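Numbering (UniProt numbering), first residue to last: 1 to 184.
Beta carbons are placed, not taken as given, at the ideal position from N, Cα and C, and that holds for glycine.
This one's a predicted model, so the numbers in the text were calculated from it and none came from an experiment.
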Amino acid sequence: METASSTPRSSAYLNALTLEIEKKLQRALASASQRRNLLQELFADIALEVDDRAKDIILSREGDMISPAEDGADGQLCFYNVLADYYVTVPESGKRILDLIVQLWSQSFASHIYALLFHKWQFEAQLDNSEVLIRYSSALVQGATNVFWIDIQTNTRRFQTLFRYLLEEVALEPMRLNKIPVQV
1 METASSTPRS SAYLNALTLE IEKKLQRALA SASQRRNLLQ ELFADIALEV DDRAKDIILS
61 REGDMISPAE DGADGQLCFY NVLADYYVTV PESGKRILDL IVQLWSQSFA SHIYALLFHK
121 WQFEAQLDNS EVLIRYSSAL VQGATNVFWI DIQTNTRRFQ TLFRYLLEEV ALEPMRLNKI
181 PVQV
């Protein structure tokens, strides 16, 4: 799987993407009348495939560090793939986004966005508060279910990497599977 490199250029690009996501979430929080549309736009933006120019910036292109893309159907790499890895590697970069999503929990597309951006982080982070763990796990399950149905209805595999991760890295790993409370 291709992974984001840790070059200053790559980090700056991922940080800029993070700031844009944060701005859109802040606008959604501030504007009740535009909230649903802004969250839907943000969801669509992070589900977009990364173009070649952005791939050159984001991904390592040196030596043996790159392997064939396994990030989706037909080698498709989407922004949520790269950002989910980034928020695991640099967790503090996603904290403000996570705080904003929590404030928007009850809104359409908030759980979708959480599932796409933080599905890996949730299983890497130490979440000691059981109430927070239940809230995050519920959002992950709801968001993953919703994007699953989007893939079914559109006859695509845009979110295949999310499901592959949840199957291979969570469902088949008892230590990680135990991070999803039974109540969820």
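For this session: Use the C-beta contact count for alanine 171: other C-beta atoms within 10 angstroms, 16 or more gives buried, fewer gives exposed.
Result: Working through the sequence shown from its first residue, we reach residue 171 at position 171. It is exposed - the Cβ of alanine 171 has fewer than 16 other Cβ atoms within 10 Å.
Exercise. Per DSSP, which one or two residues make a beta bridge with glutamate 49?
Worked result: Start at 1 with the first residue of the sequence shown, and residue 49 comes out as number 49. Answer is Cys78, bridged to glutamate 49.
Problem set entry | C-alpha gap between residue 185 and serine 33, whole angstroms | Because the chain spans 1 through 184 in this model, residue 185 falls outside it and cannot be assessed.
Problem set entry | Cβ contact check for the region 131-144 and the region 80-87: 3 or more pairs under 8 angstroms | no
Exercise. Are isoleucine 152 and isoleucine 46 closer than 9 angstroms when you measure CB to CB?
Worked result: Start at 1 with the first residue of the sequence shown, and residue 152 comes out as number 152. Start at 1 with the first residue of the sequence shown, and residue 46 comes out as number 46. For isoleucine 152 and isoleucine 46, no; Cβs fall outside 9 angstroms.
Problem set entry | Reduced DSSP secondary structure (H/G/I, E/B, other) of leucine 127 | As a working note, residue 127 is residue 127 in the sequence shown. Correct three-state label for leucine 127: coil.
Problem set entry | 9 angstroms Cβ cutoff met for alanine 125 and valine 147 | If you number the sequence shown from 1, residue 125 lands on position 125. If you number the sequence shown from 1, residue 147 lands on position 147. No; because the gap between Cβ atoms is not below 9 angstroms, this pair is not in contact.
Problem set entry | Cα-Cα separation between glutamate 168 and lysine 179, rounded to whole angstroms | Within the sequence shown, residue 168 is the residue found at index 168, counting from 1. Within the sequence shown, residue 179 is the residue found at index 179, counting from 1. Taking the CA atoms as reference points, glutamate 168 sits about 15 angstroms from lysine 179.
Exercise. Rounded to a whole number of angstroms, what is the C-alpha to C-alpha distance between leucine 29 and leucine 48?
Worked result: Within the sequence shown, numbered from 1, the residue matching residue 29 stands at position 29. Within the sequence shown, numbered from 1, the residue matching residue 48 stands at position 48. If you draw a straight line from the Cα of leucine 29 to the Cα of leucine 48, it is about 23 angstroms long.
For this session: Return the Cβ separation of isoleucine 57 and leucine 42 in integer angstroms, given the expectation that the two are a contact with Cβ distance under 8 angstroms.
Result: Within the sequence shown, the letter at position 57 stands for residue 57. Within the sequence shown, the letter at position 42 stands for residue 42. So it is not a contact: roughly 21 angstroms between Cβ atoms.
For this session: Mind checking which residues open and close the alpha helix (DSSP H) that includes isoleucine 97?
Result: The residue you call residue 97 lines up with position 97 of the sequence shown. Its alpha helix (DSSP H) spans residues 95-103.
For this session: Write down the C-beta distance between leucine 17 and leucine 117 rounded to the nearest angstrom, noting that I regard them as a contact closer than 8 angstroms.
Result: Taking the sequence shown and counting its residues from 1, the one referred to as residue 17 is at position 17. Taking the sequence shown and counting its residues from 1, the one referred to as residue 117 is at position 117. Not quite, the Cβ-Cβ distance comes to about 11 angstroms (not below 8 angstroms), so this is no contact.
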